[in-house]
Amino acid sequence: MAEFSSIGLALILGLVLALFLLRFFSRKNHKNLPNGSMGFPFVGETLSLLKPHSSNSMGTFLQERVSRYGKVFKSHLFGSPAIVSCDHELNMFILQNEERLFEASYPKAMHDILGKFSLLVISGDLHRKLRNFVVTFTTVSKSSPGFLNFAENLAISMLESWKGCKEIDFHKDIRKLTLSLMVKSVLSIEPEEPRALKILDDFRTYMKGFVSLPLNFPGSSYSKAVKARTRLASTMKGIINEREKEKVGLISGDFLDVILSKRGILTDGQIVSVALDILLGGYETTSTLVALIVYFLGHVPKAFQTLKEEHDAIRKSKQAGEPLDMEDYRKMDFTKNVIYESMRCGNVVKFLHRKAIQDVKYKEYFIPSGWKVIPVLSSPHLDPSLHESPLKFNPWRWKNQETRKTVMPFGGGPRLCPGAELAKVEIAFFLHHLVLNYRWKVKEDDFPVAYPYVEFRRGLLLEVEPAQEEFRK
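Numbering (this note's numbering), first residue to last: 1 to 473.
Here's what the structure looks like:
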């Protein structure tokens with residue numbers, strides 16, 4: 001018993017010493033550190049930050065600390081002392097000084113899920129090289145009638161499948177649509193193929209573990225996500241091997257063909273990572289944004305009606321069944337405002353992971369080299385000093401060009417989302433057919449929840465009814 005008592009006492013003393021050292025070194029030589037709390041030893045305040053909350057709110061953790069310490073405060077998050085910024089100007093400063101003062105610094109556990117060549121975790125010349133492939137894909141796709149027509153036809157097919165339905169699982173349906181579009185464009189896999197369904201299932205598992213606690217035991221979300229990523233990579237490698245066996249150059253004309261043509265420049269691991277990054281961005285964030293738009297429109301009838309009138313005018317200017325084109329997209333001003341406002345209110349991406357690579361002085365604040373830096377993108381979106389009635393869904397606020405200067409839904413700097421423009425076109429084409437053919441009601445107890453990735457409490461089950469008897473294409 002005495003031995004066990006000694007061990008227990010040593011453990012307690014060790015914890016006390018660790019806490020003292022943590023607080024000592026976090027303050028040493030840093031007189032102008034922002035105020036804040038470092039939380040518990042080792043764990044810090046990570047669990048509090050990740051506590052689920054409504055995505056169109058800051059959440060209790062940030063609200064309490066901004067109220068107590070101001071928009072910039074210190075903490076201990078993801079295993080590191082951290083500076084948290086809920087200040088729009090500081091956020092812009094951080095993102096615009098990528099690779100000069102700051103660099104991407106995602107937790108190691110996320111590296112295991114993302115892979116070592118993911119655009120989220122790599123930096124420098126390699127990041128620029130791989131990102132250029134993604135930018136090329138999205139730029140070409142946006143101007144490709146084939147891509148846009150396929151996206152539009154997928155939307156029409158999904159909406160036609162609702163005929164006779166009184167209730168639909170919207171978030172599930174839109175995820176299937178966006179992934180079908182991506183696997184067709186990137187890999188030339190048809191939506192009904194078993195491999196497409198397998199990729200969809202693995203991506204859902206992958207996303208659930210994406211921001212989970214790194215508890216690597218059988219059955220944990222993290223463990224399942226790592227295995228799902230391995231399966232996705234294996235599927236990708238299998239498709240690459242099939243292409244190589246055919247040995248006739250560009251066969252499908254998809255994105256995989258393009259990057260395989262650069263085989264001397266990219267390794268197999270890099271090719272797999274770039275393809276998975278495109279699938280992830282085009283699938284998860286796009287589908288979640290469409291779901292948020294549908295959610296907010298379901299609560300603001302005036303916005304729905306204004307949107308419908310815009311698309312009525314576009315449809316009347318075209319022949320029956322004539323597909324949409326980029327000229328139509330340029331007329332969708334209110335549609336774009338709805339997209340921007342849904343991103344501001346819904347916050348698909350809540351915060352980013354960065355690290356100071358040297359000591360940084362910003363205004364009155366000091367940010368020590370090696371500290372994690374967390375720019376919280378959602379906080380300025382909901383800041384009453386920047387937006388009038390910030391919790392109100394108001395697409396008309398975007399008529400004021402100044403609004404664009406206070407919102408960063410796509411990030412910023414050299415890591416600005418490369419697929420932003422393509423996503424907006426896809427969403428606008430989908431909304432065109434949705435508002436012309438259906439009305440819907442959102443369940444009263446359903447709302448978007450930040451985990452911090454966004455899910456709907458009830459999956460966004462919608463009560464739907466046709467807008468008119470004849471389906472309008």
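Glycine included, every Cβ here is placed at the ideal spot set by N, Cα and C.
Query, Result
"Span of the beta strand (DSSP E) around E463", "L461 to P466"
"According to DSSP, residues forming a beta bridge with P448", "F456"
"Boundaries (first-last residue) of the alpha helix (DSSP H) holding H311", "P301 to K316"
"Cut-off 7 Å between Cβ atoms - residues of its own chain near G412, not counting five sequence neighbours on either side", "M92, L95 and Q96"
"Cβ neighbours of W396 in the same chain (closer than 6 Å, five flanking residues each side left out)", "none"
"Alpha helix (DSSP H) runs wholly inside the segment 122-171, at least 4 long, in chain order", "124-142 and 145-160"
"Secondary structure of P81, DSSP reduced to three states", "strand"
"Residue nearest to Q401 in terms of C-alpha spacing, selected from A423, F410 and N337", "N337"
"Three-way DSSP call (helix, strand, coil) for V103 in this model", "In the sequence as displayed, the identity of residue 103 is Glu instead of Val. Strand at E103."
"When C86, P81 and G59 are compared against Y69, the one with the closest alpha-carbon", "C86"
"Distance between G281 and V226 (C-alpha atoms, nearest Å)", "18 Å"
"Residue of G44, V183, P368 and F255 minimising C-alpha distance to R354", "P368"
"Same chain, Cβ closer than 7 Å to P466, five either side skipped, listed in chain order", "N437 and Y438"
"Inter-residue spacing [alpha-carbon to alpha-carbon] between I168 and E98", "43 Å"
"The beta strand (DSSP E) enclosing R354, as first and last residue numbers", "R354 to A356"
"Which of helix, strand or coil DSSP assigns to V72", "strand"
"Which of helix, strand or coil DSSP assigns to R439", "strand"
"Backbone secondary structure at H432 - three-state DSSP", "helix"
"A275, buried or exposed, once every other Cβ within 10 Å from all chains shown has been counted against 16", "buried"
"Reduced DSSP secondary structure (H/G/I, E/B, other) of P368", "coil"
"Contact between the segment 159-168 and the segment 256-265 (3+ Cβ pairs under 8 Å)", "no"
"Sufficient close CB pairs (3 or more, under 8 Å) joining the segment 136-148 to the segment 319-333", "yes"
"Cβ neighbours of E455 in the same chain (closer than 7 Å, five flanking residues each side left out)", "V449"
"Proximal residues to Y106 (C-beta, below 8 Å), its chain only, five neighbours per side dropped", "L114, L120, V121 and H353"
"Sequence-distant residues of the same chain with beta carbon closer than 7 Å to G298, five excluded per side", "W440, K441 and V442"
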